[in-house]
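If you read the sequence shown in the working numbering, its first letter stands for residue 15, the second for the next number, and so on.
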Amino acid sequence: MSIIGRMREDIAAARLRDPAARSAAEVALLYPGLHAIWVHRISHALWQRRLRLVARATSQIARWLTGIEIHPGATIGRRFFIDHGMGVVIGETAEVGDDVMLYHGVTLGGRTRDAGKRHPTLGDGVAVGAGAKILGPITIGAGSVVGANAVVTRDAPADSVLIGIPAKARTRVPGEDTRALLTAPDYSI
């Protein structure tokens, strides 16, 4: 897919997930989550070419401008959307699948300074509520929802709902609306 095609796909994903998005132009010009993702693609390409200092500098500029920190080593899938975004942190070895959505204040962080995989992996279609912390080299299965302010430190199977500190998983009921899950009082702290 071309660069313009990917950008159009990102804009469409943002418009699909954000009911406040009025137009493609508004999303392209004014959504910091989208800008952070676009800059991440550049910094990630530099990182893969072993231009580490330039990659880190590029990601830091994006952080200063958007309030969103995505390490250039992180692997991000297609149609990724960060709503609002301020305070989002995504660590170096994090892996994010396709069609994932994060709200503001989310951390995909590590729990150790050891080398190797130390950040989480999010499967396709995962949604993470505001302020949630997903820590360590764990895997959150596809289609799962992490409630606001949850602290997740253990693997979760696909189609889970994770809530609490520490987060406990329950099976997601077929047909449950992700947007409703993220805003329901039962799933926030």
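The beta carbon of each residue, even a glycine, is placed where N, CA and C say it ideally should be.
**Prompt:** Using the C-alpha atoms, what's the distance from Asp169 back to Glu109?
**Reply:** 14 Å
**Asked** Is the Cβ-Cβ distance between Gly161 and Ala172 less than 8 Å?
**Response** no
**Request:** Report the three-state DSSP secondary structure of Met115 (helix, strand or coil).
**Result:** Reduced to three states, the DSSP call for Met115 is strand.
**Asked** Among Val175, Glu106 and Pro33, which residue has its Cα nearest to the Cα of Arg125?
**Response** Glu106
**Asked** What's the C-alpha gap between Pro134 and Arg77?
**Response** Roughly 20 Å separates the two Cα atoms.
**Item:** Enclosing beta strand (DSSP E) for Thr121 [first to last residue]
**Value:** From DSSP, the beta strand (DSSP E) with Thr121 extends over Thr121 to Gly123.
**Message:** Using the Cβ count rule (16 or more neighbours within 10 Å means buried), how would you classify Glu83?
**Reply:** buried
**Request:** Whole angstroms is fine: what's the gap from Asp24's alpha carbon to Ala129's?
**Result:** 32 Å
**Among Gly99, Gly111 and Arg186, the one whose alpha carbon lies nearest that of Ala146** = Gly99
**Request:** State buried or exposed for Thr72, treating a residue as buried only when at least 16 other CB atoms are found within 10 Å of its CB.
**Result:** buried
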